[in-house]
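Working notes, structure below.
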Amino acid sequence: MVTTIKDSAGFLMSRLRQIGIFVALLVIVGFFQVLTAGALLQPENVSNIIVQNSYILLLAIGMVMVIIAGHIDLSVGSVAAFVGAMSGVMIQSWDFPWWLALLASLLVGALVGAWQGFWIAYVGIPAFIVTLAGMLIFRGLTQITLGNQRITGFPEPYRALGGGFLFPGLFPPETNIFDWTTIGLGLLAAAALAMQQFKTRTSRRRMGLDQEPSAWFAVKLAFGVVMILGMTYLLGSSRGGTPIVLVVLAVLIVAYSLVMTRSVFGRHVYARGGNLHAAELSGVKVKKVDFFLFVNMGVLAALAGLVFTGRLNSAGPGAGNLFELDAIAAAFIGGAAVTGGIGTVVGAITGGLIMGVLNNGMSLMGVGTDYQQFIKGMVLLLAVAFDVFNKRRVTGSPRFRSPGRAGKDKPKPPSAEPLQDEDRSLATVDTQRSQP
3 MVTTIKDSAG
13 FLMSRLRQIG
23 IFVALLVIVG
33 FFQVLTAGAL
43 LQPENVSNII
53 VQNSYILLLA
63 IGMVMVIIAG
73 HIDLSVGSVA
83 AFVGAMSGVM
93 IQSWDFPWWL
103 ALLASLLVGA
113 LVGAWQGFWI
123 AYVGIPAFIV
133 TLAGMLIFRG
143 LTQITLGNQR
153 ITGFPEPYRA
163 LGGGFLFPGL
173 FPPETNIFDW
183 TTIGLGLLAA
193 AALAMQQFKT
203 RTSRRRMGLD
213 QEPSAWFAVK
223 LAFGVVMILG
233 MTYLLGSSRG
243 GTPIVLVVLA
253 VLIVAYSLVM
263 TRSVFGRHVY
273 ARGGNLHAAE
283 LSGVKVKKVD
293 FFLFVNMGVL
303 AALAGLVFTG
313 RLNSAGPGAG
323 NLFELDAIAA
333 AFIGGAAVTG
343 GIGTVVGAIT
353 GGLIMGVLNN
363 GMSLMGVGTD
373 YQQFIKGMVL
383 LLAVAFDVFN
393 KRRVTGSPRF
403 RSPGRAGKDK
413 PKPPSAEPLQ
423 DEDRSLATVD
433 TQRSQP
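Under the working numbering, residues 3 to 438 are what the sequence shown spells out, in order.
Laid out in structure tokens, this is it:
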């Protein structure tokens with residue numbers, strides 16, 4: 003029993019980075035649930051949190067991939083605004099059908115990403131400089147495209163992407179009946195999570211890989227299933243049901259998680275960010291990886307711009323302001339390492355939800371925007387500090403060792419053992435080279 007507890011404790015400490023972010027989310031939700039007298043987890047408010055932060059979560063998926071590779075993208079807010087403006091021009095001035103405008107807008111985002119990826123991957127300009135220039139370029143193009151005027155009046159299907167619901171009005175509010183579409187989707191999601199976890203554990207056991215403790219596996223699985231069912235209950239009892247953008251997010255989270263964990267491209271992204279020189283020596287085509295990372299970021303920024311424009315039913319020259327900072331904060335709060343090579347899509351989504359809950363909870367409490375900015379900045383700083391501390395704890399950096407161990411960590415003198423044959427031959431070669 004004692005051994006099992008020690009093993010579980012040791013495993014939890016080794017997973018502190020991954021576990022801490024989920025614990026933080028639960029603590030923040032519980033904190034604001036108490037302070038807002040239960041208003042935070044009202045069904046309508048939960049739906050609002052998802053819809054209001056959907057475009058940040060979309061950007062966070064691409065941003066965490068960019069950060070894992072050791073880059074940064076400061077242009078995503080301007081790109082989102084530019085694509086939203088282009089979609090408005092396509093619909094209002096060029097008479098594009100709404101579906102064609104959506105597809106063309108995603109293509110515009112891909113071209114923007116290819117433009118920036120070319121300068122980063124093949125010319126060799128740092129991503130910080132290229133995307134900083136892109137932030138200015140596409141903000142200017144947004145204002146030129148719109149003529150510093152707003153475009154409003156988008157078709158209903160277009161607006162549904164940002165603020166619509168699956169099968170709205172199927173069960174009127176006065177009937178007090180759950181949205182069974184939402185309930186069904188939630189049950190399927192919970193079952194899929196359980197099957198995937200058991201399949202992964204069985205596969206690891208078959209290959210003889212290290213297994214996480216059974217108690218922790220059960221707790222982790224139960225936590226995930228309860229979270230999904232709880233969200234299902236709240237959304238199913240709301241007036242709208244399941245937001246369309248939540249379905250889009252769920253599909254992208256699953257798809258990109260598989261890409262980053264099960265595909266060659268995902269492994270190359272981690273290798274490129276973990277050790278660039280080693281990745282090059284291993285045959286990773288880092289230029290190609292960088293190029294497609296920014297093409298992907300451009301497409302996700304375009305999708306975020308469409309979602310934002312559809313929710314507001316308006317494309318304006320000031321849209322997307324500071325989106326890039328929120329996406330970067332979500333990635334770092336979610337556990338991405340500043341130096342690259344570490345991070346997950348699920349972690350970035352969790353970080354984005356923490357930012358969204360903070361915004362919503364403080365708004366419900368009537369906290370001013372000045373204090374909101376201060377608090378969010380402190381949360382970001384503490385999250386990165388936790389990441390740095392955890393990394394030094396794992397690597398045993400002397401900066402965090404106690405003063406009493408200072409004298410015990412002195413380097414040992416060279417061993418006086420006789421040289422082996424291989425060492426003696428190398429020493430002989432060095433002596434011969436040193437002679438004139």
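Yeah, the Cβ is synthetic: ideal placement off N, Cα and C, and Gly gets one too. Keep in mind it's a predicted model, so treat the numbers as computed, not measured.
Can you list, in chain order, the residues of its chain whose CB lies under 7 Å from that of L236, leaving out five sequence neighbours each side? Counting from one through the sequence shown, the residue named residue 236 turns up at place 234. Hits under 7 Å: L43, P45 and V48.
Report the rounded CA-to-CA distance for I161 versus S284, giving the unit in angstroms. Position 159 of the sequence shown, counted from the start, is the residue given in the question as residue 161. Position 282 of the sequence shown, counted from the start, is the residue given in the question as residue 284. In the sequence on display, residue 161 carries Arg and not Ile. For R161 and S284, the distance between alpha carbons rounds to 47 Å.
Would you kindly report the start and end of the unbroken alpha helix (DSSP H) that includes Q198? Your numbering for residue 198 matches position 196 in the sequence shown. Unbroken alpha helix (DSSP H) run through Q198: W182 to R208.
Is the beta carbon of V386 closer than 8 Å to that of V348? The residue given as residue 348 occupies position 346 in the sequence shown. The residue given as residue 386 occupies position 384 in the sequence shown. It is not a contact, given that the beta carbons lie outside the stated cut-off.
Would you say the stretch 252-261 touches the stretch 199-213, given that touching needs at least three Cβ pairs under 8 Å? As far as the Cβ criterion goes, the stretch 252-261 does not touch the stretch 199-213, which means the pair count is below three.
Nearest-angstrom Cα distance between G238 and A192? The residue you call residue 238 lines up with position 236 of the sequence shown. The residue you call residue 192 lines up with position 190 of the sequence shown. Cα-Cα distance, rounded: 15 Å.
Apart from the five residues on each side of it in sequence, which residues of its chain come closer than 7 Å, Cβ to Cβ, to D328? Position 326 of the sequence shown, counting from 1, holds the residue named residue 328. Excluding sequence neighbours, D328 sits near I58 and M357.
Under the DSSP definition of a beta bridge, which residues are partnered with T154? Position 152 of the sequence shown, counting from 1, holds the residue named residue 154. Partner(s): S316.
Could you give the DSSP three-state label for P45: helix, strand or coil? Within the sequence shown, the letter at position 43 stands for residue 45. Residue state, collapsed to three classes: helix.
Beta-carbon proximity of A333 to G345, cut-off 8 Å: Taking the first residue of the sequence shown as 1, we reach residue 333 at position 331. Taking the first residue of the sequence shown as 1, we reach residue 345 at position 343. Yes, they are a contact pair.
Within 10 Å of its beta-carbon, does H73 have 16 or more other beta-carbons around it, so buried, or fewer, so exposed? Position 71 of the sequence shown, counting from 1, holds the residue named residue 73. So H73 counts as buried.
Segments assigned beta strand (DSSP E), at least 3 residues, entirely inside the stretch 92-153: none
I330: first and last residue of the uninterrupted alpha helix (DSSP H) it sits in: Numbered from its first residue, the sequence shown carries residue 330 at position 328. Start and end: F325 to I335.
Give me the DSSP bridge partner(s) of F167. Counting from 1 along the sequence shown, the entry for residue 167 is found at position 165. In the DSSP output, where bridge partners are listed per residue, F167 has P245.
Mind checking whether G336 and T352 have CB atoms under 8 Å apart? Start at 1 with the first residue of the sequence shown, and residue 336 comes out as number 334. Start at 1 with the first residue of the sequence shown, and residue 352 comes out as number 350. Going by C-beta atoms, G336 is nearer than 8 Å to T352.
DSSP state of N55 mapped onto helix, strand, coil: On the sequence shown, position 53 is the one that residue 55 refers to. Residue state, collapsed to three classes: coil.
Supposed contact pair Q374 and N362 - C-beta distance, whole angstroms, cut 8 Å: As a first step, residue 362 is located in the sequence shown; it is residue number 360 there, counting from the start. As a first step, residue 374 is located in the sequence shown; it is residue number 372 there, counting from the start. So it is not a contact: roughly 10 Å between Cβ atoms.
Within its chain, find whatever has a CB closer than 7 Å to the CB of L61; leave out the 5 residues flanking it on each side and keep chain order. Position 59 of the sequence shown, counted from the start, is the residue given in the question as residue 61. The answer, listed in chain order, is V78, L302, A303, A306, F325 and A329.
Kindly list the residues whose CB is nearer than 7 Å to the CB of A26, restricted to its own chain and excluding five residues on each side of it in sequence; keep chain order. Your numbering for residue 26 matches position 24 in the sequence shown. Cβ within range, chain order: I356.
Spatial neighbours of G155 within its chain, please: CB distance less than 8 Å, with the 5 preceding and 5 following residues excluded, ordered by chain position. For the purposes of this step, residue 155 is taken as residue 153 along the sequence shown, with counting starting at 1. Result list for G155: Q94 and N315, in chain order.
Would you kindly report the start and end of the unbroken alpha helix (DSSP H) that includes K461? Shown here, the chain extends from 3 to 438; a query on residue 461 therefore has no answer.
Straight-line gap, L76 to V114 (C-alpha atoms, nearest Å): Here residue 76 is taken as the residue at index 74 of the sequence shown, counted from 1. Here residue 114 is taken as the residue at index 112 of the sequence shown, counted from 1. Looking at the two C-alpha atoms, the distance is approximately 13 Å.
According to DSSP, is S80 part of a helix, a strand, or is it coil? Mapped onto the sequence shown, residue 80 falls at position 78. Correct three-state label for S80: helix.
Segments assigned alpha helix (DSSP H), at least 4 residues, entirely inside the stretch 243-310: 246-264, 266-276 and 278-283
Determine the DSSP secondary structure at A67, reduced to helix, strand or coil. One-based indexing of the sequence shown puts residue 67 at position 65. A small correction: the amino acid at residue 67 is Met; Ala does not occupy that position in the sequence shown. Helix at M67.
Excluding sequence positions up to five away, which residues of its chain have a Cβ less than 6 Å from the Cβ of F169? If you number the sequence shown from 1, residue 169 lands on position 167. Excluding positions up to five away in sequence, the list reads T183.
Proximity of A116 and I122 at Cβ, strictly below 8 Å: The residue you call residue 116 lines up with position 114 of the sequence shown. The residue you call residue 122 lines up with position 120 of the sequence shown. 8 Å or more divides the Cβ of A116 from the Cβ of I122.
Do the stretch 81-94 and the stretch 129-149 make contact, defined as three or more Cβ pairs closer than 8 Å? yes
Quick check: what's the CA-CA separation for G22 versus F293? Walking along the sequence shown from the start, residue 22 turns up at place 20. Walking along the sequence shown from the start, residue 293 turns up at place 291. Their Cα atoms are separated by approximately 33 Å.
Would you say I377 and M364 are within 8 Å of each other, going by their C-beta atoms? On the sequence shown, position 375 is the one that residue 377 refers to. On the sequence shown, position 362 is the one that residue 364 refers to. If you check the CB distance, I377 and M364 come in under 8 Å.
Comparing alpha-carbon positions, which option in L148, G276, P245 and I70 lies nearest N55? To locate residue 55, count along the sequence shown from 1; it is residue 53. It is P245.
Hey, quick one: how far does the alpha helix (DSSP H) through A350 stretch, first residue to last? Here residue 350 refers to the residue found at position 348 of the sequence shown. Looking at the DSSP string, the run of the alpha helix (DSSP H) that includes A350 is V347 to L366.
Residue burial classification, H270 (beta-carbon count within 10 angstroms, cutoff 16): Within the sequence shown, numbered from 1, the residue matching residue 270 stands at position 268. With 16 or more Cβ atoms within 10 Å of its Cβ, H270 is classed as buried.
Just the C-alpha distance for V228 and M380, rounded to the nearest angstrom, thanks. Taking the first residue of the sequence shown as position 1, residue 228 is located at position 226. Taking the first residue of the sequence shown as position 1, residue 380 is located at position 378. Cα-Cα distance, rounded: 30 Å.
Could you say which of Q151, L231 and Q118 lies nearest to L138 if we only look at CA atoms? Translated into the one-based positions of the sequence shown, residue 138 becomes position 136. Looking only at Q151, L231 and Q118, the smallest Cα-Cα distance to L138 is reached by Q118.
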